[in-house]
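Residue numbers (the numbering used here): 1 to 341.
Every residue gets a Cβ at the ideal spot worked out from N, C-alpha and C, and that includes glycine.
Just so it is clear, the structure is predicted and the values come from calculations on it, not from any experiment.
Report on the structure given below.
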């Protein structure tokens, strides 16, 4: 018999992919999002971000419970959780609802200052905290989390399934080497150095106009953040090679791209990390590199061998499937950890 899951989200990133995956596992999902947060102006939103939700968490939690509390739920699943306080969690647990927090960001690190203050204070009130980085396990426990589970960043079995695009569908999306992602300070110099070495990247993503290297990189930029799963798939499936970069500020050793690129059937060419080496065999299932020189050399060699690109792409896709890193796999494992076998 399926569970009843109340799913609280902030409307960012891939949160609704995970809600849909829980439903595909045979459960009933109700999605809940704070209208109070949606209605904040730019200055108010920035204030509450900078103060870590401490001034708005109770009212947001009261608002959410006013809707969630109308029904009986087996699980309260909080995605992100920056503005959720124990005023919501204590009420849920009082009526026998299990509570789980999943956060793909790095709220245990120092990059975002005080913006996770309420999150850290509330962590001990959850039955289970789900984290994505090895250091986060001890950090979450130190903040009082009673149970901590580490999972891989995942891909979605539906949103990231390979499409059968007609060639005309991919017109305008073809590239030799693609980087799809938001600008961060360390990314501009790397992609510019790659271009200087003869590997000119196609760049798709937000905030690149903020890069100091923008005058040199602008000619490679083909668009901002993708607006749909199909557009995202077109860029990745239209690329011969997809560059995978990890966020140093978030202490990442792999990202969702590490799964989504092979899931969509393209070749992952990523920074060499411990996580990446555990996920894929270098040279046969993905390509890894330590610096921009190695990245450029390996990209050039691949572009000279289209057949090898096809073989590695296919092997990477098969390995991704064997790794069981889809959202449905993750959802089932999390619910089992809560005691719902």
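What is the DSSP secondary structure of residue i, counted as helix, strand or coil?
| i | result |
| --- | --- |
| residue 178 | strand |
| residue 1 | coil |
| residue 295 | helix |
| residue 309 | helix |
| residue 7 | strand |
| residue 239 | strand |
| residue 340 | coil |
| residue 234 | helix |
| residue 98 | strand |
| residue 260 | helix |
| residue 211 | coil |
| residue 304 | coil |
| residue 290 | coil |
| residue 105 | coil |
| residue 252 | coil |
| residue 272 | coil |
| residue 332 | helix |
| residue 198 | coil |
Using C-beta distances below 6 angstroms, list every residue in its chain close to residue i, excluding the 5 sequence neighbours before and after it, in chain order.
| i | result |
| --- | --- |
| residue 58 | 85 and 87 |
| residue 157 | 326 and 328 |
| residue 92 | 76 and 99 |
| residue 16 | none |
| residue 139 | 108 |
| residue 97 | 73 and 76 |
| residue 222 | 202 and 204 |
| residue 172 | none |
| residue 136 | 108 |
May I ask you to list the residues that DSSP assigns as paired with residue i?
| i | result |
| --- | --- |
| residue 347 | A query on residue 347 cannot be resolved here, the shown segment of the chain reaching from 1 to 341 and no further. |
| residue 110 | For residue 110, which the question treats as bridged, DSSP gives no partner whatsoever. |
| residue 267 | 241 |
| residue 326 | 155 |
| residue 282 | 286 |
Can you give me the Cβ contacts of residue i inside the same chain, cut-off strictly under 7 angstroms, excluding the 5 residues immediately before and after it?
| i | result |
| --- | --- |
| residue 265 | 162, 237, 313 and 317 |
| residue 176 | 240, 241 and 303 |
| residue 188 | 211, 212, 213 and 217 |
| residue 285 | 312, 315, 316 and 319 |
CA-CA distance, residue i and residue j?
| i | j | result |
| --- | --- | --- |
| residue 243 | residue 331 | 28 angstroms |
| residue 110 | residue 29 | 33 angstroms |
| residue 308 | residue 283 | 10 angstroms |
| residue 32 | residue 56 | 17 angstroms |
| residue 78 | residue 119 | 11 angstroms |
| residue 217 | residue 270 | 20 angstroms |
| residue 341 | residue 42 | 43 angstroms |
| residue 165 | residue 34 | 37 angstroms |
| residue 213 | residue 194 | 13 angstroms |
| residue 321 | residue 310 | 17 angstroms |
| residue 199 | residue 142 | 45 angstroms |
| residue 125 | residue 65 | 16 angstroms |
| residue 8 | residue 209 | 33 angstroms |
| residue 182 | residue 205 | 5 angstroms |
| residue 62 | residue 90 | 11 angstroms |
| residue 186 | residue 219 | 19 angstroms |
Give me, in chain order, the residues of the same chain whose beta-carbon lies closer than 8 angstroms to that of residue i; leave out the 5 immediate sequence neighbours on both sides.
| i | result |
| --- | --- |
| residue 170 | 234, 237 and 238 |
| residue 114 | 50, 51 and 52 |
| residue 24 | 157, 158 and 328 |
| residue 10 | 33, 34, 37, 79, 80, 82 and 83 |
Counting only beta-carbon separations shorter than 8 angstroms, does residue i have a partner in chain D?
| i | result |
| --- | --- |
| residue 146 | Protein chain content of the structure displayed is limited to a single chain, and chain D is not contained in it. |
Pick out the complete alpha helix (DSSP H) segments inside the segment 113-195, 4 residues or longer, and give them in chain order.
-> Qualifying alpha helix (DSSP H) stretches, in chain order: 117-122 and 134-142.
Could you tell me which uninterrupted alpha helix (DSSP H) segments, each at least 4 residues in length, are contained entirely in the segment 53-94, listed from first to last along the chain?
-> 57-68 and 86-94, all fully within the segment 53-94.
Please go through the segment 13-55 and give each complete beta strand (DSSP E) segment of 3 or more residues, from N-terminal end onward.
-> Correct list: 28-32.
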